[in-house]
Every structure is written in structure tokens, then in C-alpha cells.
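*Asks:* Taking this note's numbering, the leading residue of the first sequence gets 1320, the next gets one more, and so forth.
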Amino acid sequence: MGIKVHNSLTRRKEEFIPIEAGRVRMYVCGPTVYDLSHIGHARSAIAFDVIYRYLRYRGYSVTYARNYTDVDDKIIDRARKEGATTEEVSERYIKAYDEDMEALGVRLPTHRPRATETIPEMIEAIKGLIEKGYAYVVDGDVYYSVRRFREYGKLSGKNTEELEAGARVEVDERKEDPLDFALWKKGKPEEPWWPSPWGRGRPGWHIECSAMCIKYLGETIDIHGGGKDLIFPHHENEIAQSEALTGKPFARYWLHNGFVNIEKEKMSKSLGNILTIRDALMLHTPESIRLFVLSSHYRSPVEYSHTTLKEAEAKAERFYRTMLRIKNMFPRALEGSPPEDRLAERLKPFMAAMDDDFNTALTIGLMFEEVSRANRLLDSAPTGRPEEVEEELTTIAGLFKELSGILGVFERWPEAYFNDLKSHAPIPAEEITALIKEREEARRRRDYARADAIRDELREKGIVLEDTPEGTRWFVK
RNA sequence: GGCGGCGUACCCAAGUGGCUAAGGGGGCAGUCUGCAAAACUGCUAUUCAGCGGUUCGAAUCCGCUCGCCGCCUCCA
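Dropping the structure here:
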């Protein structure tokens, strides 16, 4: 009973067996840093962040590399338009990406290589491919000869004849075959360049990932990930280059995440429906964005909309309200920890869900069954047996602690969560507490008309009041 | 045209051969409350796009039809 993963290479769910017992090497294609990252980048990063967290949780020593593509046509274009250098552009957007990831609670990978720091390795790889007859030089450019690699198309399920027939491949007279792709591009005077045996130039996109992957993780890795759109041609080309070069399988398991759609359509510059992570973070908490992403399977497409994000927020609210109840009624349940064997037993269904191709949606669903259970226990507390209730709540809290760490959600103290919302209240907190005080006096006088008027007034501003035996509390809706 | 995926309630969504089709949101009713809110309880899919087939048994496997989406060009 181990972890199963859906492998894009075989299109099947397979048992996950790393090359080296207890150790996992994973590589995920990171951003090309020419602009702010969008919510789709966030999904990919969060999905693989959870995979990374879970593998570590399951006791693997994980070496995880995620690159920055910091040399590319789009970066050059952007720099030219701004009158800036490509370094300035890439530096700015690497920083922005790092900030976005931190805001989203995405843990730092072990290695975060930049393409420009791996140029010597790329040149070596290209030299190797030329020597082995898989690449050829044409006037300062180097191309990979796709047809020499017999297995080309094994990941994307395409065959070279059909690709050729597709005719959407740009025709470049200098290529021996339209399917061939650039390993090294001859530099134009105003573009960044590095010296090479073929003259000044810069690397092609695909060779970057192969070189960085091999440099940091080795010739065969366990997991290679990225968005579904990278399957072809990027990952197909990575396989062709790497396997031709080393003669070894490049990656054992290929994992691909689905898209984030907006209004049923893929985000794209041409449609003008790009939602940046920054914009999303102005509208929603990082936690609700993570919950939104993790509430469906990482391979399915998800629809970003006001409704779906509101539902994610409602989940967070329900969870933290329950935690707040536990903290107020049985604070020791949150301070203590349950016996290990009991915890392990109760974690089983959750582990089974995560083992099944990282089914975070099911895991979250199961967590909410525990939330309901906790609330029932809390309701029963006044008439039930407090010791038993506390014991069970301690177990549930213990479960939540483990799962929160894996998913990267529900990790805060409930007060912190609600105070954060309160800090974004549309009216000052002092004003609200003053109104609450006035309302309490009205209630004491049994002037319910006045009390209700105050409550309604606050409600219109998004402030919800809750009368409890300990007094009136307020929440931001 | 080639390749791949999806279609589960009002919405989101898990489930891919067999206990009552998870969970969240929404709605309705009840308990609680001065009234609310929150929480809890019950109801909201006798059925999984449609039609056939395989099977003792299918949402799950196979075939066809309809609808939606992605890749085939840079793309998470």
C-alpha cells in the first residue's frame, strides 16, 4: 500500500516507486520571468507544493528543483519595449514570483536554478548531442534532429508523420526537417549572448530544463511536473534531448496539472483574461486561493469565478469557526496531542486519499466530516461527558494539525484568521465595538427595536453579530 | 484533420465494478435564541449527458450519439 500517481507517460495510475528507496528527485518547470505570474502559475506551484509536502510527510528525502527561465524571446521583447536590460526584467519578475509564492504559502524548493547560471552545462549537453549525431549546426544555430530519436512522441502520443502533416510547424529553411527545434540560437547584436563553440548565442528553451534537471538531480529523476500544456512540445523535447544524450530514461513519472479557466476559457494574453496572482490576492485571502485550488483534483480543469472563490472562503470560515469553538470551550484539546497509535489509526482514510494520486479534494472533504463531528461533540458537551469530549476533540485537533501541514491550509490560530478579516472591515473596529456596547445596553433595557436596528445597520456593512453567553462577538462577512 | 480529457443534485466537487452516490455552497423546515447569527437535525441525485451492450451486479468496463474543453505555435 503505497503512493499511486497518474503518469502522463503511460496514461495510467501507477504505484510510485522511486529509483532510490526513501529518496525522491523531482523537477517542475517554473516560470519564464517576463511578466507577473497568473493564477494558473499559482495552481501549478500549489499542486506541486502539496506533492512535495506530502512526499516529505511520508518520510521521503525529497530533492525538489524548480527553475526560472530567465533568457527567452519574451524577456528580450519586454526589455526592448521598456528600454531595460533583460537582467533587469528577469530580476524584477523573479522577485515578484518569489513574493507571490511566499504569499501563497508555497514552500521553497531545494534548488531554484536560473537558466543563465547553467549555460556551461547546456553547451556541454549540446556538444554531446552533436557528437552523438542527434544535432546539427547551421551557421551558428544548433538544431535537434527530431527524427533521429525513435521514441519521439511517446509522451504526447503524437507521431512524427502526423506532426508534419499538421503543417502548423513554422517553416525554417535552415532546418533539415520542420520538426527540428533549436538547441542554440545564434545571437543578434542587441540580444544577450554567451560564447560557444558555434559562436555567440543563447540556449533554446527546451535544453534549459534538461540541463538544469541533470545538473541538480541527475540523469534519471523520479518525478517531472508542470502544466498540461507543457506536454507538447516542451516535455517531449526534453525527453528527446535528455535520453538521446544519456541513453537513460529521463523521468519515471510525468505529472501534469490542469488549467485554471476563467469564464470557461483558458487564460491567455490574446483573450485578455489573465488574472495575476497579485490581483487575486487583492480580492481573496491566500488561504481561500489554496483551498480553491486543492478542492478539486490537480489534473482536472478548474473554473475561477467569484462563486467558486466565495465557496472556498466559506470553507475556511466554517473550519475556523469550529476551531474557535474548540479553543473557547476546550482549550486543552488544541494544546495537547492525541496518542500516536490513535492518531495513526484516524489518519488512515486521509492517507489513503493522498496516496491515491494526491487526492486533496477527498482529503478536504473528509476533514469537513471531522469538522461536523467536532461541532456535534461541542453541542453535546453541556450534557455529555466532558473528559470524553475533550479526548475526542484532542484527536480531531491532532488530525487537523497533521493535514494542515500537508495541505498548507488551516494552519493559523482561529483568532489570527478572524482578526485578519476584521482588519479589513469596512468600518473601524472602535466604531463597531461602540455600537455593540450601545446595543447591549438596549438589550438590557429590552429595547429590542433599537438593538435590532443596530444589528441590521452593521449587517448591511458586512458585519455579522453573534450573541453568546460570553457576550456579543462580531465577524466580517 | 490527428491526439487527449471531461459531462455526477440548483452551484462547486469526490467517487472508475458490489456496504446508504463523500464533502462544501445555496434553498426549505425544525431545535436553540427576545429575535437573529453560529451550530446541530431533517429534506433538497431511486440516480450519475443520452441510447445500447458486457456482467449475477456499472456512475464506474465496451460501443455509438450529443454537448463542452485542451494540445497539435509561445503558454502553468
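The C-beta atom is built at its ideal place from N, Cα and C for all residues, glycine as well.
Between L1355, V1369, P1552 and E1759, which has its C-alpha nearest P1788's C-alpha?
*Replies:* E1759
*Asks:* Exposed or buried, D1766, counting other C-beta atoms within 10 Å across all chains shown (16 or more means buried)?
*Replies:* Counting of Cβ neighbours within 10 angstroms places D1766 among the exposed residues, the total staying below 16.
*Asks:* The alpha helix (DSSP H) spanning A1364 covers which residue range?
*Replies:* I1358 to Y1376
*Asks:* From what residue to what residue does the beta strand (DSSP E) around R1792 run?
*Replies:* Start and end: G1790 to V1795.
*Asks:* To which residues does DSSP link M1345 through a beta bridge?
*Replies:* Y1383 and I1542
*Asks:* If you draw a straight line from the alpha carbon of T1752 to that of K1741, how long is it in whole angstroms?
*Replies:* 12 Å
*Asks:* In the DSSP assignment, find the alpha helix (DSSP H) that holds K1504 and state where it starts and stops.
*Replies:* No alpha helix (DSSP H) contains K1504, which is instead part of the beta strand (DSSP E) from F1500 to K1505.
*Asks:* Can you tell me which of F1367, P1350, I1533 and T1604 puts its alpha carbon nearest to the alpha carbon of Y1387?
*Replies:* P1350
*Asks:* Looking at the ligand SAH, does it come within less than 7 Å of H1743, judged from the CB to the closest heavy atom?
*Replies:* Only the bare structure without any ligand can be found here, which leaves the ligand SAH out of the picture.
*Asks:* From the DSSP output, in three-state form, read off P1733 for me.
*Replies:* Look at P1733 here: in three-state DSSP terms it is helix.
*Asks:* To the nearest angstrom, how far is it from the Cα of T1837 to the Cα of P1511?
*Replies:* Residue 1837 lies beyond the stretch modelled for the chain, which goes from 1320 to 1796, so this question has no answer here.
*Asks:* Pairing CB atoms from the region 1601 to 1620 with CB atoms from the region 1568 to 1581, are three or more of them under 8 Å?
*Replies:* yes
*Asks:* Straight-line CA distance for D1496 to R1431?
*Replies:* 34 Å
*Asks:* Suppose you measure from the CA of T1382 to the CA of P1668; what does that come to, to the nearest Å?
*Replies:* 27 Å
*Asks:* On the CB-based measure, 16 or more other CB atoms within 10 Å of its CB, does E1527 come out buried or exposed?
*Replies:* buried
*Asks:* Buried or exposed, going by whether 16 or more other CB atoms sit within 10 Å of the CB of R1521?
*Replies:* buried
*Asks:* Ignore the nearest five residues each way along the sequence and tell me which others in T1627's own chain have a CB closer than 7 Å to its CB.
*Replies:* Around T1627: F1611.
*Asks:* Taking all protein chains shown into account, decide if N1647 is buried (16 or more other Cβ within 10 angstroms of its Cβ) or exposed.
*Replies:* exposed
*Asks:* Quick one: measure Cβ to Cβ for S1515 and Q1560, integer angstroms, because I've assumed they're closer than 8 Å.
*Replies:* Their Cβ separation, rounded to whole angstroms, is 16 Å, which puts S1515 and Q1560 out of contact at 8 Å.
*Asks:* Taking only three categories from DSSP, how would you classify H1743?
*Replies:* coil
*Asks:* Can you tell me whether V1318 is buried or exposed, with buried defined as 16 or more other CB within 10 angstroms of its CB?
*Replies:* With the chain represented from 1320 up to 1796, any question about residue 1318 goes unanswered, as that position is not in the structure.
*Asks:* Looking only at its chain, what residues have a beta carbon closer than 6 Å to the beta carbon of I1413, apart from the 5 residues adjacent to it on each side?
*Replies:* The residues are V1352 and Y1387.
*Asks:* Excluding five sequence neighbours on each side, which residues of the same chain lie with their C-beta closer than 7 Å to the C-beta of P1657?
*Replies:* T1713, T1714 and G1717
*Asks:* Would the beta-carbon of H1554 fall within 8 Å of that of G1566?
*Replies:* Not closer than 8 Å, so no.
*Asks:* Any idea what DSSP makes of I1533, helix, strand or coil?
*Replies:* helix
*Asks:* If you compare alpha carbons, which of Y1471, R1519 and I1540 is closest to I1338?
*Replies:* I1540
*Asks:* In this structure, does DSSP put T1604 in helix, strand or coil?
*Replies:* T1604 falls in the coil class under three-state DSSP.
*Asks:* Kindly confirm or deny that the region 1628 to 1637 and the region 1591 to 1608 touch, where touching means at least three C-beta pairs closer than 8 Å.
*Replies:* Contact holds between the region 1628 to 1637 and the region 1591 to 1608, because three or more Cβ pairs, one in each stretch, are under 8 Å apart.
*Asks:* Rounded to the nearest angstrom, what separates K1720 and R1731 at their Cα positions?
*Replies:* 10 Å
*Asks:* Going along the chain, which residues of its own chain have a beta-carbon closer than 7 Å to the beta-carbon of R1651, five neighbours each way excluded?
*Replies:* E1709
*Asks:* Look at G1452 and R1469 and say whether their C-beta atoms are less than 8 Å apart.
*Replies:* no
*Asks:* Between the Cα of R1640 and those of L1726, D1598, V1690 and C1348, spot the shortest distance and give me the residue it belongs to.
*Replies:* Minimum Cα distance to R1640 is reached at V1690.
*Asks:* Using 8 Å as the threshold, is the C-beta distance between V1408 and E1418 below it?
*Replies:* no
*Asks:* Is the distance from the Cβ of P1428 to the Cβ of A1361 below 8 Å?
*Replies:* Against a cut-off of 8 Å, the Cβ pair of A1361 and P1428 comes out as no contact.
*Asks:* State buried or exposed for H1325, treating a residue as buried only when at least 16 other CB atoms are found within 10 Å of its CB.
*Replies:* buried
*Asks:* So the alpha helix (DSSP H) G1684 belongs to, where does it begin and stop?
*Replies:* T1679 to S1699
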